[in-house]
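Please read the structure below before turning to the comments.
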Amino acid sequence: MHILQQILFLVILTAAGYLISRRVRTIKRTIELGRPEDRSDNPSLRMATMLRIAFGQKKMFDRPIIGLMHFIVYAGFLLINIEVLEIVLDGILGTHRLFAPFLGNTYLYLIDFFEFLAVGVLLVCAIFLIRRNITKVERLQPTRHRELNGFPVIDANIILTSEIVLMIALLSMNAVDSILQQRGNEHYHLIGTFAFSGFLKPIFSGWTDSALVIYERIAWWFHIAGILAFAVYVTYSKHLHIFLAFPNTYFSNLNPKGEMSNMPSVTKEVQIMLGLVQPDNEAPAEIARFGAKDVKDLSWKNLMDAYSCTECGRCTSQCPANLTGKQLSPRKIMMDTRDRLEIVGKNMEANGGNFVDDGKSLLGDHISAEELRACTTCNACVQECPINISPLDIILQLRRFQIMEESDAPASWNAMFSNLENNQAPWKFSTNDRFNWADSLKS
Numbered sequence: 047m048h049i050l051q052q053i054l055f056l057v058i059l060t061a062a063g064y065l066i067s068r069r070v071r072t073i074k075r076t077i078e079l080g081r082p083e084d085r086s087d088n089p090s091l092r093m094a095t096m097l098r099i100a101f102g103q104k105k106m107f108d109r110p111i112i113g114l115m116h117f118i119v120y121a122g123f124l125l126i127n128i129e130v131l132e133i134v135l136d137g138i139l140g141t142h143r144l145f146a147p148f149l150g151n152t153y154l155y156l157i158d159f160f161e162f163l164a165v166g167v168l169l170v171c172a173i174f175l176i177r178r179n180i181t182k183v184e185r186l187q188p189t190r191h192r193e194l195n196g197f198p199v200i201d202a203n204i205i206l207t208s209e210i211v212l213m214i215a216l217l218s219m220n221a222v223d224s225i226l227q228q229r230g231n232e233h234y235h236l237i238g239t240f241a242f243s244g245f246l247k248p249i250f251s252g253w254t255d256s257a258l259v260i261y262e263r264i265a266w267w268f269h270i271a272g273i274l275a276f277a278v279y280v281t282y283s284k285h286l287h288i289f290l291a292f293p294n295t296y297f298s299n300l301n302p303k304g305e306m307s308n309m310p311s312v313t314k315e316v317q318i319m320l321g322l323v324q325p326d327n328e329a330p331a332e333i334a335r336f337g338a339k340d341v342k343d344l345s346w347k348n349l350m351d352a353y354s355c356t357e358c359g360r361c362t363s364q365c366p367a368n369l370t371g372k373q374l375s376p377r378k379i380m381m382d383t384r385d386r387l388e389i390v391g392k393n394m395e396a397n398g399g400n401f402v403d404d405g406k407s408l409l410g411d412h413i414s415a416e417e418l419r420a421c422t423t424c425n426a427c428v429q430e431c432p433i434n435i436s437p438l439d440i441i442l443q444l445r446r447f448q449i450m451e452e453s454d455a456p457a458s459w460n461a462m463f464s465n466l467e468n469n470q471a472p473w474k475f476s477t478n479d480r481f482n483w484a485d486s487l488k489s
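Shown next as structure tokens:
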């Protein structure tokens with residue numbers, strides 16, 4: 047019987063590993079559709095940024111209570127997986143609590159610590175469900191933010207509910223295991239009573255040994271199969287940020303927040319005009335394109351940002367354009383970019399790696415001109431993001447395409463551009479009159 051269970055476990059583990067690796071390869075291939083961008087500079091600072099922002103959750107603690115609760119779930123996810131390693135080895139080898147004989151009393155203390163985290167994760171996830179569905183935190187409500195309609199709300203509830211169910215399975219499994227230990231069942235090593243699951247023992251104390259063994263096995267299988275299914279699901283969910291937060295913060299922009307990236311082609315033209323560099327005599331291989339119209343015009347880092355987005359809405363909750371009733375939502379910018387990226391990726395996968403024009407683009411079909419024009423480039427969204435995503439960079443690139451490729455700008459903007467070109471100032475007056483305002487200061 048144990049051999050059959052081991053074979054079944056290996057089949058499930060292999061299937062989960064295959065599905066996860068296939069999805070990861072798809073995501074990697076899709077991110078690589080973006081333009082090249084060098085983010086390899088200053089590795090020590092990048093590593094420090096990753097450890098501080100992703101591992102240390104620094105930005106989450108800007109809101110201390112929520113930050114602490116999120117940290118509990120995060121720590122639980124990282125540390126409880128140490129016990130999952132033992133469960134996986136038990137499934138492969140046909141053993142039960144493989145590490146217990148080697149660790150002695152330390153094993154009991156470890157399980158107690160893991161149960162403490164499990165209880166914390168269970169309570170925090172319950173609070174998060176209440177915040178989303180009962181107290182209705184404004185930035186998480188689809189009635190206020192149209193980008194959350196449909197799957198995003200369901201996705202968040204699935205993840206939180208799954209974590210609660212998995213923690214209940216873990217605690218009840220340990221409670222039943224402890225009873226079987228005390229009754230001297232040969233397959234269950236005598237370890238001791240676990241600190242938190244021990245409170246559940248009265249529920250099962252009247253059960254027969256055979257009923258307890260059946261329940262313990264069902265809970266064990268449900269827990270590990272649930273974790274594997276959860277791991278597969280996460281790769282299709284916004285909770286992919288669990289993994290992508292680390293590379294995303296490592297490769298995040300290290301420049302000052304107010305510094306915007308210049309377009310190399312424009313920079314070169316200005317340098318030629320100023321005589322700083324000599325023009326190339328050879329014709330370029332392709333005509334330079336200003337800005338971005340579709341996801342393939344964005345950089346690979348922009349596309350990683352899109353997949354890393356947690357949909358927490360902190361960016362949108364601090365966006366002055368959104369707060370004043372305009373259509374712009376930085377969270378929607380990231381979600382739309384990810385949605386379009388998925389469409390393009392599936393298009394290429396269905397056509398042997400080649401993109402077949404579907405007559406649509408990120409600009410226009412997903413993100414409107416009105417949204418882009420509402421942005422004040424204040425960087426609030428970049429500052430607020432817990433994992434250093436930059437919606438502003440995507441907005442700027444789309445807006446550059448609008449203006450520089452399509453000449454699509456409001457009349458007031460065009461007047462300003464003309465004044466900048468002719469008068470080196472946004473206002474229409476002679477450069478000779480620029481300091482006339484100071485005449486009133488003369489004594």
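For what it's worth, this note's numbering labels the leading residue of the sequence shown as 47, then goes sequentially.
We treat Cβ as the ideally placed atom computed from N, Cα and C, and that holds for glycine.
What you are looking at is a predicted structure, and each value in this text was computed from that prediction instead of being measured.
Going by C-alpha positions, M219 is about 17 Å away from Y155. Between the stretch 138-151 and the stretch 197-208, the count of C-beta pairs closer than 8 Å stays below three; the two stretches do not touch.
In the structure shown, S218 falls within a helical segment according to DSSP collapsed to helix, strand and coil. For the pair S243 and D351, the CB atoms are not nearer than the 9 Å cut-off. Relative to the Cα of S363, the nearest Cα in the group F401, S354, K378 belongs to K378. Annotated three-state conformation of R335 is coil, per DSSP. Y296 and A100 have their alpha carbons spaced roughly 9 Å apart. Burial check for L409: the Cβ neighbour count within 10 Å reaches 16 or more, so the residue is buried. The beta carbons of K342 and L79 sit closer together than 9 Å.
The C-beta of Q443 has 16 or more other C-beta atoms within 10 Å across all chains shown, which makes the residue buried.
For the pair of segments examined, the stretch 296-312 was found not to touch the stretch 170-190: the number of CB pairs separated by less than 8 Å stays below three.
L217 and A257 do not touch by the CB rule: their CB atoms are close to 18 Å apart, not below 8 Å. Residue state for I237 is assigned as coil, using DSSP reduced to three classes. Under DSSP, R81 shares a beta bridge with S345. Within the same chain, Cβ atoms closer than 6 Å to the Cβ of E416 are found at Q373, the five residues on either side in sequence being excluded. The C-beta separation of K284 from C355 comes to about 7 Å, placing the pair in contact by the 8 Å criterion. For G137 against Q228, the beta-carbon gap comes to about 25 Å, at or over 8 Å, which does not count as contact. Annotated as proximal: L274 and L59, with beta-carbon spacing under 9 Å. Residue state for I133 is assigned as helix, using DSSP reduced to three classes.
Between the stretch 55-73 and the stretch 275-282 there are three or more C-beta pairs closer than 8 Å, enough to call the two in contact. A residue is called buried when at least 16 other Cβ atoms come within 10 angstroms of its Cβ; E129 meets this threshold and is buried.
For Y155, the uninterrupted alpha helix (DSSP H) segment begins and ends at 151-179.
Contact between Y153 and I237 holds: CB atoms are separated by about 6 Å, below the 8 Å threshold. Going by beta carbons, V167 and I118 fall inside the 9 Å limit. S311: member of the alpha helix (DSSP H) spanning 310-319, first to last residue. Taken in chain order, the complete alpha helix (DSSP H) segments of 4 or more residues contained in the stretch 91-139 are 110-139. Apart from the 5 residues on each side of it in sequence, A471 sits with its Cβ closer than 8 Å to the Cβ of N465, T477, R480 in its chain, given in chain order. Assigned with DSSP and collapsed to three states, I435 falls in coil, not helix or strand. Just measuring C-alpha positions, the residue of N308, N327, S375, K104 sitting nearest R446 is N308. Closest option to I441, judged by alpha-carbon separation, among L418, N327, S486: L418.
Non-local beta-carbon contacts of I288 in its own chain, meaning distances under 7 Å to residues more than five positions away in sequence, involve F123, V280 in chain order. A distance below 8 Å between beta-carbons, with the five flanking residues on each side excluded, links L149 to the following residues of its chain, in chain order: L156. Per DSSP, G272 is one residue of the alpha helix (DSSP H) stretching across 255-280. Here F197 is exposed. Its C-beta has fewer than 16 other C-beta atoms within 10 Å. Excluding sequence positions up to five before and after M96, its CB lies within less than 7 Å of the CB of F292, T295, Y296, all in the same chain and listed in chain order. Within the same chain, Cβ atoms closer than 7 Å to the Cβ of E357 are found at P198, K284, R377, M381, the five residues on either side in sequence being excluded.
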